[in-house]
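Position one of the sequence shown corresponds to residue 16 (our numbering), numbered consecutively onward.
Input: a single structure, listed below in structure tokens.
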Amino acid sequence: MKIKIWGGRFEEEMDTFFEDFSESVSFDYRLASYEVKASLVYAKALKKAGILNSEEYEKICQGLKEIEKEILEGSFKFEKTYEDVHMNIEKALFEKIGETAYKLHTGRSRNEQVVTDLRLYLIDEILKLKNLLLELMENLVLKAEENLEVVIPGFTHLQHAQPVLYSHWLMAYYEMFVLHFQRILDYEKRLKICPLGSSALAGCGFFLNREEISRDLGFLAPSKNSIFAVSSRDFVLELAFILSLIMLDISRIGEEIVIWMTLEFNFIELPDRFCTGSSIMPQKKNPDSAELLRAKCAVVIGNLLQLLTLIKNLPLSYNRDLQEDKPPIFQALDTTYKSLKMLSLLVQSIKVNQKRLKEILEKGHLLATELADYLVTKGIPFRKAHNLCGQIVLYAEKTNKKLSDLTLEEFKNFSPLIEEDVYQWLTIEHALKRREILGGTGPKSVEKEIRMAKEDINRWKTQLSN
Ligand code: ARG
């Protein structure tokens, strides 16, 4: 009869189907090196509390370090019969050092182990995330810097609105990713809470120094309530939410790439290496990379929803349900990493079609707001100016002209206040220059924004490498 570690009060063996149904090692093996790390610190605390003698402590450390090496080399054998990563490692330690291994579990529960390991794991993962975010942010800024003279029609309602710098558009995404980056920094405060010493739910029955455990593991502070410590998964949910926000913005830029690459828009070109062809239509060049960026968001939002639903109505404290938090957060992280990387590659390689942009900027009366503003400078209240300008646009549409093609005579039919100087207002350059306001699309403002962004990125980079 296979005896489980907790098998003392059981009279029959575990059902083999249930055994397979309930195992988690097939996914929580990812926590293995953190399990070892936390165990080493726990062993030290047990020694300090007089529960392990020096010899036992040394033996446990040595065994754990051998296990750690095997994990890192990839030779450690995880077995489903030992259910989860914690029991797999405990079993391996027993095989290496015998009964002393079982002393490590004094006062300790898997309920606190799993949550400690997961927090430690995520601390390392978000470092990866921060680096990928920074890489993307840097690529956006470099692209913006490279294309400072490129103007695009800006859209609202996906209709031509006002001319803006292409760099300004790119920097909009940059700012979105800055906020994601800052969100992660803020999140870290709540992630770096150490549950170890909480035991199953009531707090450890042996007097361990929890402050020291927390410090040794690199946390900011120990948790203050043992029931909270083993029950809360806010730190998983919050990360899944941040990842969802990141993916939402990735889906928006993905969508824009797809649209901008259509024959109808034809604003940009992606290199062949990021596109695919059709198995039937020989002419096709499809932006699959961008389409997938748009789609992957669904995976991560799905993961967030899975997690929210998992926690809903769950009574305190630990419940086995909580085991199911790992697959979705792992998938959300993996998907976000890949998407960030893919987007970085696309941003680097996007080329704008300047000829096409020049043509399209002539269309759609992008300068109508300029004309209204001009009328304001002549003393006409804006609402009236807006209306008057609307009539002029309608006339231009009907006569198939651009606003700047209208003669002064034609203008004067709408308002005698319009003078020769109106034509200075009806150029793209003028429209852009008028927006040298903080956050505006004026070339100098955008240049400054880029300069500041580069400084911020460098500062964050040095912070990360320290
Ligand atoms: N594999 C479990 C999880 O991921 C570890 C904790 C199990 N605790 C228990 N009492 N069965 O949540």
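Note that beta-carbon positions come from the ideal geometry of N, C-alpha and C, so glycine has one too.
Note that the coordinates shown come from a computational prediction; the quantities given were computed from them, not determined experimentally.
In the DSSP output, which residue or residues are listed as bridge partners for residue i?
{"i": "C209", "result": "P237"}
{"i": "V482", "result": "Beyond the ends of the chain as shown, which are 16 and 481, falls residue 482; an answer cannot be given."}
{"i": "Q174", "result": "T171"}
{"i": "V367", "result": "I283"}
Hey, residue i and residue j: beta-carbon distance below 8 Å or not?
{"i": "L135", "j": "Y49", "result": "yes"}
{"i": "G313", "j": "A255", "result": "Looking at the sequence itself, residue 313 is Ala, so the reference to Gly does not match. The answer is no: Cβ separation not under 8 Å."}
{"i": "L386", "j": "I407", "result": "yes"}
{"i": "I257", "j": "R198", "result": "yes"}
{"i": "Y352", "j": "L211", "result": "no"}
{"i": "S354", "j": "M262", "result": "yes"}
{"i": "E412", "j": "L423", "result": "no"}
{"i": "V40", "j": "E85", "result": "no"}
{"i": "E160", "j": "I465", "result": "yes"}
{"i": "C209", "j": "G122", "result": "no"}
{"i": "A446", "j": "L403", "result": "no"}
{"i": "A107", "j": "I75", "result": "no"}
For a test of your reading of the model: does the CB of residue i fall under 7 Å from any non-hydrogen atom of ligand 3? Yes or no.
{"i": "D249", "result": "Among the ligands modelled here, namely ligand 1, ligand 3 does not occur."}
Check for me: the alpha helix (DSSP H) holding residue i runs from which residue to which?
{"i": "I228", "result": "R225 to D231"}
{"i": "P343", "result": "K341 to S364"}
{"i": "T31", "result": "T31 to S37"}
{"i": "N402", "result": "F397 to K413"}
{"i": "G317", "result": "D303 to I326"}
{"i": "S425", "result": "Going by the sequence as given, residue 425 is Glu instead of Ser. Where E425 is concerned, the enclosing alpha helix (DSSP H) stretches over L423 to F429."}
{"i": "A470", "result": "The question names Ala, but residue 470 in the sequence shown is Glu. Unbroken alpha helix (DSSP H) run through E470: P458 to S480."}
{"i": "A439", "result": "In the sequence as displayed, the identity of residue 439 is Gln instead of Ala. V437 to W440 is the extent of the alpha helix (DSSP H) around Q439."}
{"i": "S332", "result": "First-last for S332: undefined, no H or E at that position."}
{"i": "G379", "result": "Run containing G379: none; DSSP gives neither H nor E here."}
{"i": "L260", "result": "D249 to W275"}
{"i": "Y117", "result": "T115 to K118"}
{"i": "L447", "result": "I443 to K448"}
{"i": "D43", "result": "V40 to D43"}
Report the three-state DSSP secondary structure of residue i (helix, strand or coil).
{"i": "I138", "result": "helix"}
{"i": "T291", "result": "strand"}
{"i": "I66", "result": "coil"}
{"i": "I104", "result": "helix"}
{"i": "I20", "result": "coil"}
{"i": "E94", "result": "coil"}
{"i": "E27", "result": "coil"}
{"i": "I283", "result": "strand"}
{"i": "T131", "result": "helix"}
{"i": "S419", "result": "helix"}
{"i": "A244", "result": "helix"}
{"i": "F196", "result": "helix"}
{"i": "T392", "result": "helix"}
{"i": "Q338", "result": "helix"}
{"i": "A159", "result": "helix"}
{"i": "Q298", "result": "coil"}
{"i": "G78", "result": "helix"}
{"i": "T384", "result": "helix"}
{"i": "S54", "result": "helix"}
Quick check: what's the CA-CA separation for residue i versus residue j?
{"i": "L418", "j": "G454", "result": "27 Å"}
{"i": "M102", "j": "I20", "result": "8 Å"}
{"i": "W184", "j": "V391", "result": "28 Å"}
{"i": "A53", "j": "G317", "result": "31 Å"}
{"i": "A187", "j": "M152", "result": "11 Å"}
{"i": "L252", "j": "F192", "result": "20 Å"}
{"i": "S214", "j": "E70", "result": "24 Å"}
{"i": "G113", "j": "G22", "result": "18 Å"}
{"i": "K399", "j": "R450", "result": "22 Å"}
{"i": "V367", "j": "V179", "result": "14 Å"}
{"i": "E284", "j": "L322", "result": "38 Å"}
{"i": "T324", "j": "L206", "result": "21 Å"}
{"i": "E38", "j": "I104", "result": "14 Å"}
{"i": "D43", "j": "F282", "result": "46 Å"}
{"i": "D35", "j": "I295", "result": "45 Å"}
{"i": "S241", "j": "H195", "result": "31 Å"}
{"i": "F109", "j": "E94", "result": "15 Å"}
{"i": "G292", "j": "K204", "result": "47 Å"}
{"i": "T350", "j": "K311", "result": "7 Å"}
{"i": "F170", "j": "I472", "result": "28 Å"}
{"i": "F32", "j": "V51", "result": "29 Å"}
{"i": "T115", "j": "R230", "result": "26 Å"}
{"i": "Q128", "j": "N301", "result": "48 Å"}
{"i": "G78", "j": "I228", "result": "20 Å"}
{"i": "H380", "j": "L361", "result": "31 Å"}
{"i": "S484", "j": "P343", "result": "What the structure shows of the chain is the stretch from 16 to 481, and residue 484 is not part of that stretch, so it cannot be assessed."}
{"i": "E462", "j": "L232", "result": "44 Å"}
{"i": "F243", "j": "D336", "result": "16 Å"}
{"i": "N492", "j": "G65", "result": "Outside the displayed span of the chain (16 to 481) sits residue 492, for which this structure offers no information."}
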